[in-house]
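As structure tokens, the structure follows; a few thoughts come after it.
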Amino acid sequence: MSEEKERRVEIGTPFDPHAAILAPGYTYASITDKISAIVLTRRTPRGWFLGFTIAFLLLMLLLFTAAYLLATGVGIWGVTVPVGWGFDIINFVWWIGIGHAGTLISAILLLLRQRWRTSINRFAEAMTLFAVACAGLYPLLHMGRPWLFYWLLPYPNTMGTWPQPRSPLVWDVFAITTYATVSFLFWFVGLIPDLATLRDRARRRFWRILYGFLAMGWRGSARHWARYETAYLLLAGLATPLVVSVHTVVSFDFAISIIPGWHATIFPPYFVAGAIYSGFAMVMTLAIPLRKFYELEDFITMKHLDNMAKIMLATGLIVGYGYMMEAFMAWYSGNPYERYMILNRLRGPYAPIYWALLVCNVGVLQALWSARVRRNVRALFAIGLVVNE
């Protein structure tokens, strides 16, 4: 076998675009050239500036609404007596949920030796970090006085007070901080070899110094790779339980209450499956435009999209089972309050929203049984948007 053939990275011969995780004809060097050029030499696409402008305007809207909230009070969110949670809990659960796909792709699929994860794990991990940061805003704003957030931490003080360990708000603090810390370490450790590559290829001195500082002296030696793989594997082992534990803690915000419809043991697995479901929908929504704008169709292939669609289908069916069990237990329990709750959802003033939720999260999902739909980029993008809505 020639040296050129040894260097080639080809998956699937003859080439099948629906079964390959990498298009044929690439070497390790050509892959590195194309990926590093996106950061170092290629001009930024115009679509990126459009997306940045939209995101900036939405950020300004967030700051305005947060200022209005702090000036007026959290009552505008519906947080009153006896309502403990309002509009903020919806956003908190949504943001913390979509971050779970990044951890699952990075940690669980790494432990399962799924090679197809390598094309999407970087931006999925970055999505996780931003999602956790956004989720962390809502418990702070929920307090009404976010500048006193440190009162939730068990630190020695002269006030003679201590955080209430039975409060879901305190549980959320520890869940978010633990999840954010491990996710950041996992993301950064995985980036070290890539940062070293950018350091070696950067043309300007400033970027060479910056990437060199972040690469922490990486030289790609056998010792470096051995320690890197050990650290990465240990972090994957730490991150894997977090996929389950973090959203289980979030589900306790609801499940420990005595409100009909919330006090249910189905909530922990129901929330975890829903988090992975919405998270993969968001990864799909981001991956499809990215592969188009940056011409990465050879690296993020239809095989990746097909696999993500299958995971969405599996977790979406679990979510559908959760909806079904909510209705079944309301009938089976014989509790009139539980029955009224589910009937109010089905026929009450918010019935159109509830039925729309079922259609978007369960009905539209059934299209993914078809291999033709799973291999249609536009259909997958539309399904991802519908699920996240």
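The opening residue of the sequence shown carries number 3 in this note's numbering; numbering runs sequentially from there. C-beta atoms are modelled at their ideal positions from N, C-alpha and C, and glycine is treated no differently.
Would you say residue i reaches chain C, if we count a Cβ-Cβ gap shorter than 9 Å as a contact?
| i | result |
| --- | --- |
| R119 | This model lacks chain C altogether; it includes just one protein chain. |
Which residues in the same chain as residue i place their Cβ atom closer than 7 Å to its Cβ, once the five residues preceding and following it in sequence are excluded?
| i | result |
| --- | --- |
| A396 | Nothing in the structure corresponds to residue 396, since the chain is present only between 3 and 391. |
| F89 | W79 and G80 |
| L298 | L292 |
| I290 | V379, L382 and F383 |
| H102 | V245, H249, A277, I278 and G281 |
| W118 | I23, K305, H306 and N309 |
| L154 | P165, L171, V172 and V175 |
What is the DSSP secondary structure of residue i, counted as helix, strand or coil?
| i | result |
| --- | --- |
| Y272 | helix |
| Y28 | strand |
| V81 | coil |
| R205 | coil |
| I33 | helix |
| Q368 | helix |
| S185 | helix |
| N363 | helix |
| W173 | helix |
| G219 | coil |
| G86 | coil |
| G214 | helix |
| G101 | coil |
| I23 | coil |
Skipping 5 residues on each side, what residues in its chain have a beta carbon closer than 8 Å to that of residue i?
| i | result |
| --- | --- |
| T250 | P270, F273 and V274 |
| E8 | For E8, the predicted model reports a pLDDT of 40, less than 50, meaning its position is unreliable and no value from the coordinates is stated. |
| R376 | L307, D308, A311, K312, L370 and L382 |
| Y342 | P262 |
| T317 | A275, G276, I278, Y279 and F282 |
| M286 | L307, M310, A311, M314, L382, F383, I385 and G386 |
Rounded to whole angstroms, what is the Cα-Cα separation between residue i and residue j?
| i | j | result |
| --- | --- | --- |
| T183 | W371 | 37 Å |
| W357 | L235 | 43 Å |
| N93 | P141 | 10 Å |
| L227 | N159 | Just to set this straight, residue 227 is Trp in the shown sequence, not Leu. Cα to Cα, the separation comes out at about 45 Å. |
| M145 | I178 | 16 Å |
| G1 | Q166 | In the structure displayed, the chain extends from 3 to 391; residue 1 sits before or after that span and is not available. |
| I211 | T199 | 13 Å |
| P243 | T180 | 11 Å |
| A137 | L143 | 11 Å |
| A128 | F215 | 20 Å |
| T120 | F151 | 37 Å |
| L187 | M62 | 29 Å |
| V191 | Y325 | 39 Å |
| L64 | L131 | 18 Å |
| L42 | F208 | 12 Å |
| T303 | A373 | 15 Å |
| A204 | Y213 | 8 Å |
| S223 | G49 | 39 Å |
| L319 | V364 | 7 Å |
| Y157 | R147 | 18 Å |
| V252 | G99 | 9 Å |
Using a Cβ-Cβ cut-off of 6 Å (strictly less than) and excluding sequence neighbours within five positions of residue i, which residues of its own chain qualify?
| i | result |
| --- | --- |
| Y323 | none |
| D300 | A25 |
| T82 | none |
| P47 | F295 |
Are there three or more Cβ pairs, one per stretch, closer than 8 Å when the region 238-252 is compared with the region 112-126? yes
Decide if the region 169-185 is in contact with the region 252-263; the criterion is three or more beta carbon pairs, one per stretch, under 8 Å apart. yes
Can you find at least 3 beta carbon pairs, one from the region 67-78 and one from the region 328-339, that sit closer than 8 Å? no
Quick check: the region 92-109 against the region 122-130, are at least 3 beta-carbon pairs closer than 8 Å? yes
Uninterrupted beta strand (DSSP E) stretches inside the region 298-338 (no shorter than 3 residues): none
Could you say if the region 31-45 and the region 192-208 meet the contact criterion of at least three C-beta pairs nearer than 8 Å? yes
Give, in chain order, every unbroken run of the alpha helix (DSSP H) that is at least 4 residues long and sits entirely within the region 114-166. 123-144
Just list the alpha helix (DSSP H) runs in the region 219-264, keeping only unbroken ones of 4 residues or longer that don't cross its boundaries, in chain order. 224-257
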